[in-house]
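Chemist:
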Amino acid sequence: MGGTSVDGNLAAAGLAGQFDDLAELYEEFSRQPFRQELEFPSVLAALGDVSGLRVLDFGCGSGVYTRKLAGLGAAVTGVDESRGMVAYAQRREQDDPVGARYLAGPVPAELAGTMDVVLGVYVLPYTTTIAELTGLCRTAADALRPGGVFVTLPIHPRFHRDGDYYAPYGFRLRESERNDGSPVVLDLRALGHEATVTARYWTEDTLNAVLGEVGFETVDWLPHRTSAAETDVSAMAYFRPYLSVPHAALLRCVKGKARL
Ligand SMILES: C[S@@+](CC[C@H](N)C(=O)[O-])C[C@H]1O[C@@H](n2cnc3c(N)ncnc32)[C@H](O)[C@@H]1O
1 MGGTSVDGNL
11 AAAGLAGQFD
21 DLAELYEEFS
31 RQPFRQELEF
41 PSVLAALGDV
51 SGLRVLDFGC
61 GSGVYTRKLA
71 GLGAAVTGVD
81 ESRGMVAYAQ
91 RREQDDPVGA
101 RYLAGPVPAE
111 LAGTMDVVLG
121 VYVLPYTTTI
131 AELTGLCRTA
141 ADALRPGGVF
151 VTLPIHPRFH
161 RDGDYYAPYG
171 FRLRESERND
181 GSPVVLDLRA
191 LGHEATVTAR
201 YWTEDTLNAV
211 LGEVGFETVD
221 WLPHRTSAAE
231 TDVSAMAYFR
241 PYLSVPHAAL
251 LRCVKGKARL
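Residue numbers (our numbering): 1 to 260.
#1: Rank D220, K257, P168, V254 by C-alpha distance to the C-alpha of R240 and give the top, closest one.
#2: In the DSSP output, which residue or residues are listed as bridge partners for G261?
#3: Can you tell me the Cα-Cα spacing of Q32 and L38, whole angstroms?
#4: Would DSSP call E175 helix, strand or coil?
#5: Taking 7 angstroms as the cut-off, does the CB of S62 come closer than this to any heavy atom belonging to ligand 1?
#6: Ligand 1 and G59: does any heavy atom of the ligand fall closer than 7 angstroms to the residue's C-beta?
#7: Can you check DSSP and say which residues form a bridge with V219?
#8: Relative to the C-alpha of A100, which candidate in A23, Y65, K255, P108 has its C-alpha closest?
#9: Near P183, which residues of its chain fall below 8 angstroms by C-beta distance, leaving aside the five closest residues on each side in sequence?
#10: Could you spell out where the alpha helix (DSSP H) holding G63 opens and where it closes?
#11: Hey, would you say the C-beta of D80 is under 7 angstroms away from at least one heavy atom of ligand 1?
#12: Does the beta-carbon of L136, which I'm using as the reference point, lie nearer than 7 angstroms to any heavy atom of ligand 2?
#13: The alpha helix (DSSP H) that contains L47, what's its start and end?
#14: With DSSP run on the structure shown, which of helix, strand or coil describes A23?
#15: Just how far apart, CA to CA, sit D7 and Y126?
#16: Name the residue from A141, T128, E110 whose alpha carbon lies nearest to the alpha carbon of G120.
#17: Determine whether the beta carbon atoms of L53 and A74 lie at a separation below 8 angstroms.
#18: So, for L25: in the same chain, excluding its five sequence neighbours on each side, which residues have a beta-carbon less than 7 angstroms away from its beta-carbon?
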């Protein structure tokens, strides 16, 4: 795949419609050291032991986490509104079955209250209004049993102002301003694949308020980590800039016992 610019399609397709043709890019991106040795260990640590748990991978994309969590013994359902992404994930499951289930479209109502864990990696940035952000967080909360956990990665409200800061990790960010809903343009590059997608910025106060409003009683902002050894000088030199100023926040939210 050469360069893909999807901005022109956004008005018709919505921000999530950007992803129909990007499954291969996200698969390639998932093989990069940034995801393998930093993002995946950080997210898996935030989730804890998922063996035997019912997990919804909300905005599963090409199924990178769906497969990973199925391999760790979870009963995982991946849901994504991009049919292109789900078709790709289903083909992967057919070719190399790990027991992951995929659904295209909205989260089905019958899943309400059934999940121990909802994972939403890089999904909140693709809402465009506070009403949409609230709706997406409410969908995650509704899918969970009381006491269930939602782990999600919005754009970090304090990501680095130099967009090239993240170039060593395979992407660049371009922003205009830092208000709720402000566009943040991501230029992604992975092993010959490149694409531009438009995400949205949400402030820390808004994220905390919205997550609280939909029923999460705790919202913890966790640090990222790397699986690289502290003694691996070159790996630590590579990952430290990201660890000190991450582009994504890592939130672990616990659903309250009382429904709001
Ligand atoms: C940046 S991709 C991330 C995919 C995957 N979570 C990963 O980490 O590789 C964001 C995905 O969220 C999906 N998405 C965005 N809004 C959604 C919504 N409201 N419901 C379901 N999927 C959504 C998009 O279609 C896209 O596949």
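Each residue gets a CB set at the ideal place from its N, CA and C atoms; glycine is no exception.
Treat the numbers as computed from the prediction; the structure is a model and nothing was measured.
Modeler: From the atom records:
#1: Translated into positions along the sequence shown, residue 240 becomes position 240. For the options D220, K257, P168, V254, the alpha carbon positioned closest to that of R240 is the one of P168.
#2: Lying outside 1 to 260, the shown extent of the chain, residue 261 is not represented and no answer is given.
#3: For the purposes of this step, residue 32 is taken as residue 32 along the sequence shown, with counting starting at 1. For the purposes of this step, residue 38 is taken as residue 38 along the sequence shown, with counting starting at 1. One C-alpha to the other measures close to 10 angstroms.
#4: For the purposes of this step, residue 175 is taken as residue 175 along the sequence shown, with counting starting at 1. DSSP places E175 in strand when its eight states are reduced to three.
#5: On the sequence shown, position 62 is the one that residue 62 refers to. The answer is yes for S62.
#6: Taking the sequence shown and counting its residues from 1, one reaches residue 59 at position 59. Indeed, a heavy atom of ligand 1 lies less than 7 angstroms from the Cβ.
#7: If you number the sequence shown from 1, residue 219 lands on position 219. Per DSSP, C253.
#8: The sequence position of residue 100 within the sequence shown is 100, counting from 1. Nearest option by C-alpha distance: Y65.
#9: Here residue 183 corresponds to residue number 183 of the sequence shown, with the count starting at 1. Here the set comprises E175, S176, T198, A199, R200, Y201.
#10: By one-based count along the sequence shown, residue 63 stands at place 63. In the DSSP assignment, G63 falls outside any alpha helix (DSSP H) and carries neither an H nor an E.
#11: Sequence index remark: in the sequence shown, residue 80 carries index 80 (1-based). Yes - ligand 1 has a heavy atom lying nearer than 7 angstroms to the Cβ of D80.
#12: This structure does not include ligand 2; its bound ligands are ligand 1.
#13: Residue mapping note: residue 47 aligns to position 47 of the sequence shown, counting from 1. Looking at the DSSP string, the run of the alpha helix (DSSP H) that includes L47 is 40-47.
#14: Against the sequence shown, residue 23 aligns to sequence position 23. The answer is helix: DSSP assigns A23 an H, G or I state.
#15: Within the sequence shown, numbered from 1, the residue matching residue 7 stands at position 7. Within the sequence shown, numbered from 1, the residue matching residue 126 stands at position 126. With a pLDDT of 36 at D7, under the threshold of 50, the predicted position of this residue should be treated as unreliable, though the coordinate-derived value follows. The straight-line gap from Cα to Cα measures roughly 13 angstroms.
#16: As a first step, residue 120 is located in the sequence shown; it is residue number 120 there, counting from the start. Nearest C-alpha to G120: A141.
#17: Reading the sequence shown from its first residue, position 53 is the one you call residue 53. Reading the sequence shown from its first residue, position 74 is the one you call residue 74. Going by C-beta atoms, L53 is nearer than 8 angstroms to A74.
#18: By 1-based counting over the sequence shown, the position of residue 25 is 25. Excluding sequence neighbours, L25 sits near M1, L188, A190, H193, A195.
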